[in-house]
Every structure is written in C-alpha cells, then in structure tokens.
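S.K.: Residue numbers (my numbering): 168 to 563. All C-beta atoms, glycine included, are put in the ideal place defined by N, C-alpha and C. Quick caveat, the model's predicted, so the values are computed rather than measured. This structure is in structure tokens; I'll ask about it shortly.
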C-alpha cells in the first residue's frame, strides 16, 4: 500500500527509516503538497525537465497567504521568478559570484574563523550556532555585499526572521517575516543610495552600476535591486549558518571522520559535499508542472507540485551503492543547491566558506562531543540548529 507523507507535520523526518522504506517500494510518494520524488535518477531527471518550473512561487498560497507584503515580496524573488526576468536579474548578479572573486576572500574567511574559535577555545565549551555559525555566516555576507561588518548582529536578526519564510509553520510567522522584510529593505535602501553617491569596490556598487545600461536604459529597477539584495542577505546567511550546524552534527556522529578532517584540511570541500548529501538544510527542492506530464506511472497535471527529497535521493543505494558517510569518497552530485536554471547563485560562496570552517573546527576541537541535545528545527522544509552546545578539551 502506498504511503502518504505529511510534510507539514513538525514531527515528520524526511531522513527517517519510513522514507527509506517508501523509496524501496516506489520512486515517488503522495504528500500533503503533491508528490515527493525519493530516488536519485528520477530526481535528477525531473530537476532538469523543462516541463517543470521552480515550484516555490506558490508557497505562500499553499499556506493560506494570498496577499500582503510577504506574499508580494516572495513572488518577486529570484526563487520565484521565471523566464526573461529571472534570466536578466541572474545574469546581472552572476559576476559578483565568480570563482576568482570568492577565492580571493578565502584568507579573510580563515582569519575570521580563527578569531571566533579563539574566543571560546580556552573555555572548552561553545554554543556553536550563536558563537560561531551565525557570526561567521553573517559577517561573511556583510563582507560579500559590502555592508558595515559591525552591523552583522542586526543583519543576522533580520535574516533569522526571514528564514521563517521556508518553515513549515510559515502561515503563523507572517508578522515576524514582514517586519524583517521592512527592516532589511530599509537598511539596504540606505546602502544603495550611499553607493550610488559614493561607489566602492563591493557587490552593492557593482549592482547599482549594472542596473543602468551604457545608453542609460534601466536594466535592473530599484525595486528589483532591493528585492534581490534582501534575498541574498538572508538566504546566504541562513544556508551557511544552518549547514554548519548540520555538518558538525553529522561529523560528531562519526568521530573518526571528524578527526580525519582536522588532520587533513584539504578534505574540507569533500566534507561539505558529503554532509549536504546526507544532511542538507534544504530538505526538499520544489517543482511545478507547466503542462500535463506523465513520468513512469505518475501523472502530474499542469500546476501539480512535486518535491525532490534531497536526503532520500542523495542516499539512494541505486546511485550510491555504499551510502555510509565518508568524506574521502567520490559521490554523484547532490541536489542540496538545486539543479538547472535555479541552481543556487551563491553556491560557491557557501561551499568555500564551509570548506574553511569545518576543518578548522575539527582541528581546534578534535575530541568535541555534543553537550546535550540542543534545539533543532523540524527535519522537513529548511532545517538546522537553533542551538547546539558542544564541549571539548580546552586549548589556547
């Protein structure tokens, strides 16, 4: 008998044995929001299928939110846009995320990570999220955008509240989300005005200048620029913060892998990929059918929603015969950053800053263990730690 998954149930775990059992029964399952794809091959094919578009645009509507600031803003983000508008805005923003530009920031990432660890290493204990993951992610976003780094706590606070946009409880979080949209938008509007008058070598200046063509024609409206910057500020910070917590959680469950990472920092990039395969912060990737589609026994009508369950696809034994966690193994590409035209714009930033942070944490805390269960978001929707206390042998 086919199972039915309630993805909106805060107790439902998309990494559970129940999901794995369903994966062995069939490649998809019915859910509260359409269908969920459970196997790697079918997931990869669907994410590249042009008969589907990004399905997140209807997320507010699916949760009973049909109008208002949040609903309007959500529909204008890169995550929701399609076609020419999506391609135009993404093309204008892409130069800021070039590999060479990000790699030039690596020494700064390393210095920042060392600074944060130095503050708690002598104590032999740390609340990983508030003392490392959040300031690390927020300060990097400030540097990337060209914001005043001393404002990182306020930026992080807005980003935290905007992160509720991706929660399965979003319907109850609208006032909090809308206050954050207003606060972060107002702050970034002041930054944009400043860069228009006093250009600098930063992302905001580059986007302000890119918004006007050589002939003076507007290529990126002020509204589009504001929406894009707000989305970048919160999505970039949330992804790194949440994924660092999940990465350390996963690695501490494999002490030999944790020690190996500390001894061999060159495995940092591979560790990031392996963690995102088995424990991604984005637990599903959404697609919406733009026409009636028949897929190997599944009929998806136009407008039908399909979720790709990232963990289930990434641990599918048909694609990964030995799916046990191993930071030295070569794996097929995971779906943690999406695929196709909506592949995460900032993926290289997140991959790079985590590849710096994780080996350093492992080296400085080689005998680290969780100091209690911590507090975690539901393992459905976008997940991560709210708090994660850790203890270890103190060091200088």
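In three-state terms, what does DSSP make of residue 292?
M.R.: It is a strand residue.
S.K.: Which whole runs of the alpha helix (DSSP H) in the segment 288 to 349 are 4 residues long or more, in chain order?
M.R.: You should have 301 to 312 and 319 to 330.
S.K.: Roughly how many angstroms separate the alpha carbons of residue 406 and residue 207, rounded to a whole number?
M.R.: One C-alpha to the other measures close to 22 Å.
S.K.: Alpha carbon to alpha carbon, what distance is there between residue 188 and residue 168?
M.R.: A caution first: residue 168 carries a pLDDT of 39, below 50, which makes its placement in the model unreliable, though a value can still be read off. When rounded, the distance between both Cα atoms is 12 Å.
S.K.: Suppose the cutoff is 6 Å on Cβ atoms and the five residues either side in sequence are ignored; what does the same chain contact list for residue 332 look like?
M.R.: These residues qualify, in order along the chain: 344.
S.K.: What did DSSP end up calling residue 248 once you bin it into helix, strand or coil?
M.R.: In this structure, residue 248 counts as coil in the three-state DSSP scheme.
S.K.: For the beta strand (DSSP E) that residue 553 lies in, which residues bound it at each end?
M.R.: Where residue 553 is concerned, the enclosing beta strand (DSSP E) stretches over 552 to 554.
S.K.: Might you give, ordered along the chain, the residues of its own chain that have their beta carbon closer than 8 Å to the beta carbon of residue 214, omitting 5 neighbours on each side?
M.R.: Around residue 214: 452, 454, 475, 502, 505, 506 and 507.
S.K.: How big is the Cα-Cα spacing for residue 298 and residue 355?
M.R.: Answer to the nearest angstrom: the Cα atoms are 25 Å apart.
S.K.: Using DSSP bridges, identify the partner residues of residue 219.
M.R.: Answer is 456, bridged to residue 219.
S.K.: For residue 442, which residues in the same chain have their Cβ closer than 6 Å to its Cβ, ignoring the five residues on either side in sequence?
M.R.: Around residue 442: 414 and 417.
S.K.: Output the distance between the C-alpha atoms of residue 280 and residue 456, rounded to the nearest integer angstrom.
M.R.: When rounded, the distance between both Cα atoms is 43 Å.
S.K.: Apart from the five residues just before and just after residue 391, which ones in its own chain have a Cβ nearer than 7 Å to its Cβ?
M.R.: Cβ within range, chain order: 256.
S.K.: Considering residue 187, what are the terminal residues of the alpha helix (DSSP H) in which it resides?
M.R.: Taken as a continuous stretch (DSSP letters only), the alpha helix (DSSP H) holding residue 187 covers 184 to 192.
S.K.: Does the beta-carbon of residue 301 have 16 or more other beta-carbons within 10 angstroms, so that it is buried, or is it exposed?
M.R.: By the 10 Å Cβ count, residue 301 comes out buried.
S.K.: Does the Cβ of residue 376 lie closer than 7 Å to at least one heavy atom of the ligand COA?
M.R.: Among the components of this structure there are no ligands whatsoever, and the ligand COA is therefore not found.
S.K.: Please say whether residue 370 and residue 312 have beta carbons closer to each other than 8 Å?
M.R.: Yes, the Cβ-Cβ distance between residue 312 and residue 370 is below 8 Å.
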